[in-house]
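> Sharing a structure, written as structure tokens. Questions coming.
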Ligand SMILES: *Cc1c(COP(=O)(O)O)cnc(C)c1O
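Now the structure itself:
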């Protein structure tokens, strides 16, 4: 093989089908270690910055849940991929002026962290549709660069949102601080599971709380061991994002 071809081979991204199979194997491994069923963990491919063709490839590899962090970017991709029965998740911070569009575009919103945004979403969900599932984003380390509410705000927020008729609070989401060593994420995941139990103990009418959206490419196995029901995986499926 010429030097050029060898170089090309080393930079070429892994085929998406192989990457998805690798992630699924690791999900199964984490489930076995923690006595869980792989059926109870949903893999959401985070396709932000990826072109629609890559999403189509991942869909052909068996993924039906995709997550985006920008409303307009998702709107454009949805148009191109309208022939695929994809379930779209919004995982990025939602500005109030994008809430109505987001309510129409997404099947689930993981990043609700204010009552004002929740009200905007609620008023944009059409009557003819089922209630829109939403998750409350937690920010347990108090990081200013990230959205999310603190532990003490969680129960009051769920109480307020439970009054809204067109959305339904289904659970919690978080993006903990980045640690190269995934073990350091574990206390954050464990804390979120504990906050879920606090909310359930408050017995708020109409609140389900069966979703824990946590774990990304570098730490999803630890998240599964701590009870994640939805993991959000980008780089381990699509390769590194060029910024
Ligand atoms: C980008 C992103 C992910 C995926 O991160 P990877 O490191 O690519 O797996 C998950 N959740 C949120 C909220 C994101 O913004």
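Residue numbers (this note's numbering): 50 to 292. Glycine is no exception: its CB is placed at the ideal position from the N, C-alpha and C atoms.
#1: Kindly indicate which three-state DSSP category residue 175 falls into: helix, strand or coil?
#2: From residue 87 to residue 75, what distance separates their C-alpha atoms?
#3: Could you tell me if residue 186 is buried or exposed, where buried requires 16 or more neighbouring beta carbons within 10 angstroms of its beta carbon?
#4: For residue 182, does the three-state DSSP call read helix, strand or coil?
#5: Is there at least one non-hydrogen atom of ligand 1 closer than 8 Å to the beta-carbon of residue 65?
#6: So, with DSSP's three-state summary, where would you put residue 238?
#7: Between which residues of its own chain and residue 113 is the CB-CB distance below 8 Å, once the five residues before and five after are set aside?
#8: Is the beta carbon of residue 72 sitting closer than 9 Å to the one on residue 285?
#9: Give me the Cα-Cα distance between residue 282 and residue 68, rounded to the nearest whole angstrom.
#10: What do you reckon, are the CB atoms on residue 256 and residue 244 nearer than 9 Å?
#11: Give a yes or no on contact between the stretch 143–160 and the stretch 229–238, applying the rule of three or more CB pairs nearer than 8 Å.
#12: For residue 253, I'd like the list of residues in its chain whose CB is within less than 7 Å of its CB, leaving aside the five on either flank, ordered along the chain.
Taking the coordinates as given:
#1: If DSSP states are grouped into helix, strand and coil, residue 175 belongs with coil.
#2: 10 Å
#3: buried
#4: Strand, per DSSP.
#5: no
#6: Looking at residue 238 - three-state DSSP - the assignment turns out to be helix.
#7: 134, 135 and 136
#8: yes
#9: Answer to the nearest angstrom: the Cα atoms are 11 Å apart.
#10: No. Outside cutoff.
#11: no
#12: 207, 208 and 211
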